[in-house]
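K.L.:
As they're listed, the protein sequences go chains A and B. Letter 30 of the first sequence, counting from 1, is numbered 30 in my numbering, and no numbers are missing. With the second sequence counted from 1, adding 1000 to any position gets you my numbering. Structure provided below as structure tokens; questions to follow.
Protein chains: 2
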Amino acid sequence: MDGARWLDDDEQRTWRAFLWTSRLLNEALDRQLQQDAGMPHAYYMILAMLSESPGRTLAMSELARTVCSSPSRLSHAVKRLEERGWVRRAKHPEDRRTTLAELTDEGFAVLAAAAPGHVEAVRRHLFDPLTRAESAHLRDLLFTLLAGLADDPSAPAPPQPERSRRRRSPEEP
Amino acid sequence: MDGARWLDDDEQRTWRAFLWTSRLLNEALDRQLQQDAGMPHAYYMILAMLSESPGRTLAMSELARTVCSSPSRLSHAVKRLEERGWVRRAKHPEDRRTTLAELTDEGFAVLAAAAPGHVEAVRRHLFDPLTRAESAHLRDLLFTLLAGLADDPSAPAPPQPERSRRRRSPEEP
DNA sequence: CCCTAATAGTTGAACGCTCAACTTTGGAGG
DNA sequence: CCTCCAAAGTTGAGCGTTCAACTATTAGGG
């Protein structure tokens, strides 16, 4: 317990502030969308990203990247969305491994109906309390953190290849 | 869809950066604790808050406030923690509505074993990428947002009393 | 005093997410 | 070619969270 530097009071407050803010913001958004549109925020993001894509269509893996989701979570989510008729799935004609997800007209209508309330909630909770300069600064700080989080070695990476594609370090025989 | 101001590109980026950062950070911390200590981050927080309380004991409602949790979530969580022998529950002797949650010795040991790895993960993901001044600025921005989120009228509040304790506004008869 | 309302907490069902298999398809090297 | 491995998705079980009841206890106002 002594090898690692502990968090001092300032760091403690910063860390808790981050946790609380992210939790409260996520809960507020989830509640708003669940009540007004009958879907969780993660589902809204999927519909939104599809609506911004050419042909309102995206491969599952690309969609997973753009909504920052695991393949499994996305697969489950799209299955639900398909059951509601908001998304349609089809096999890619040239690479039959990939599945294409397409936003249906009904899905687009639901998204369009949900968007104003959602945007208003984001504005009220995130942007109204901050000045223009403050939100710009916040963005910069978050980008800095994202850079560190993006190449996290502890992330669920594809299983380490036994002996290949791994730069031999000087310590190894 | 025209009454509400849309998000411009800068706001869009800020908003997505917030979502991604909070999601990636939460996932990283959850993974670390799940793998190294066999519990999710929410459970760790409960043990940590209890350990810092006088007598390692707290009423459920106070505990819920300090870990920023709903009563229901906390109740379920403490039930699991009690099943593992990390927490003990007892009725308050003077107000028999309230339940006191107490951290057991075994729970304290588990917490002590988990803490260093957890702190190291927080440090790596949140503080190492930022200068001292940057993290102070981040804290200030988060506090500003928290102030707005704290008194959110859309929060799951106790159901509005029909006719009492509600300042009569001039518009009402 | 009694009746009402507020406070504190618990419970079960529904739902979303994680993790670890598993299937299928496409490439690459021998 | 044929084998092997990587890429792309899907599935089912287990778990945590939410939401809406529901119980129990205390405090307040006629």
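For every residue, glycine included, the Cβ atom is placed at its ideal position computed from N, Cα and C. Here the structure is a predicted model, which is why all the values come from computation and not from measurement.
1) Taking one C-beta from the region 126–143 of chain A and one from the region 1008–1021 of chain B each time, how about it: are there three or more such pairs within less than 8 angstroms?
2) For R1088(B), which of T1021(B), E1027(B), G1055(B), R1132(B) has the nearest alpha-carbon?
3) Between the region 1136–1147 of chain B and the region 1055–1072 of chain B, do three or more beta carbon pairs fall short of 8 angstroms?
4) Does the beta-carbon of G85(A) have 16 or more other beta-carbons within 10 angstroms, so that it is buried, or is it exposed?
5) Of all the options S53(A), R123(A), P71(A), which has the alpha carbon lying nearest to the alpha carbon of D1008(B)?
6) Could you spell out where the alpha helix (DSSP H) holding L19(A) opens and where it closes?
7) Taking Cβ-Cβ distances shorter than 7 angstroms, what residues in chain A pair up with D1152(B)?
8) By the three-class DSSP mapping on this structure, what secondary structure does R1089(B) have?
9) Kindly indicate which three-state DSSP category E1052(B) falls into: helix, strand or coil?
10) Here's a check: name, in chain order, each residue in its chain whose Cβ is nearer than 8 angstroms to the Cβ of P40(A), leaving out the five neighbours to either side.
11) Does the CB of A1017(B) have a neighbour CB from chain A at under 7 angstroms?
12) Thinking C-beta only, is L50(A) closer than 7 angstroms to L1024(B)?
13) May I ask which residues mark the beginning and end of the alpha helix (DSSP H) holding E1134(B)?
14) Check each residue of the region 1125–1139 of chain B: if its Cβ is closer than 9 angstroms to any Cβ of chain A, include it; give the result in chain order.
15) With a Cβ-Cβ cutoff of 7 angstroms, do M60(A) and T99(A) count as a contact?
16) Looking only at C-alpha atoms, which of S70(A), T21(A), E52(A), A42(A) sits nearest to A155(A)?
17) Please state whether the Cβ-Cβ distance between W20(A) and L1074(B) is less than 7 angstroms.
18) Below 9 angstroms on C-beta distance, what does D10(A) contact in chain B?
19) Return the residues of the region 81–99 of chain A that lie within a Cβ-Cβ distance of less than 8 angstroms from chain B, sorted by chain order.
20) Which class does E94(A) belong to by DSSP, given the choice of helix, strand or coil?
21) State the DSSP-derived secondary structure class of A155(A), mapped to helix, strand or coil.
22) Look at the alpha carbon of A1133(B) and the alpha carbon of A1114(B), and state the distance between them as a whole number of angstroms.
23) So, using beta-carbon positions, are L58(A) and A101(A) closer together than 7 angstroms?
24) Taking T66(A) as part of the alpha helix (DSSP H), name the residues at either end of that continuous run.
25) Taking only three categories from DSSP, how would you classify W1006(B)?
26) Could you say which of K91(A), L81(A), D105(A), D152(A) lies nearest to G38(A) if we only look at CA atoms?
27) Using the Cα positions of C68(A) and S53(A), report the straight-line distance between them to the nearest angstrom.
28) Are any of the Cβ atoms in chain B nearer than 7 angstroms to that of T144(A)?
29) Label E106(A) either buried or exposed according to how many other C-beta atoms from any shown protein chain fall within 10 Å of its C-beta, with 16 as the threshold for buried.
30) What residues from chain A crowd round L1025(B), counting only those whose CB sits closer than 7 angstroms?
31) State yes or no: is the beta carbon of V1110(B) nearer than 7 angstroms to at least one beta carbon in chain A?
P.N.:
Considering the structure as presented:
1) Contact between the region 126–143 of chain A and the region 1008–1021 of chain B is present, because at least three Cβ pairs lie under 8 angstroms.
2) G1055(B)
3) In short, these stretches do not touch, since the Cβ pair count stays below three.
4) exposed
5) Of S53(A), R123(A), P71(A), the smallest CA-CA separation from D1008(B) is found for R123(A).
6) L19(A) -> alpha helix (DSSP H) spans 9–37.
7) The contacting residues are A28.
8) In the three-state reduction of the DSSP assignment, R1089(B) falls in the strand class.
9) If DSSP states are grouped into helix, strand and coil, E1052(B) belongs with coil.
10) Residues of the same chain with a CB within less than 8 angstroms of the CB of P40(A), apart from the 5 flanking positions on each side, are D30, L33, Q34 in chain order.
11) yes
12) no
13) Residues 1132–1150.
14) Those would be H1125, L1126, F1127, D1128, P1129, L1130, R1132, E1134, S1135, A1136, H1137, L1138, R1139, in chain order.
15) yes
16) S70(A)
17) no
18) R1132, S1135, A1136, R1139
19) none
20) Residue state, collapsed to three classes: coil.
21) Correct three-state label for A155(A): coil.
22) 29 angstroms
23) yes
24) 60–67
25) Coil.
26) L81(A)
27) 16 angstroms
28) Closer than 7 angstroms: yes.
29) exposed
30) L149
31) no
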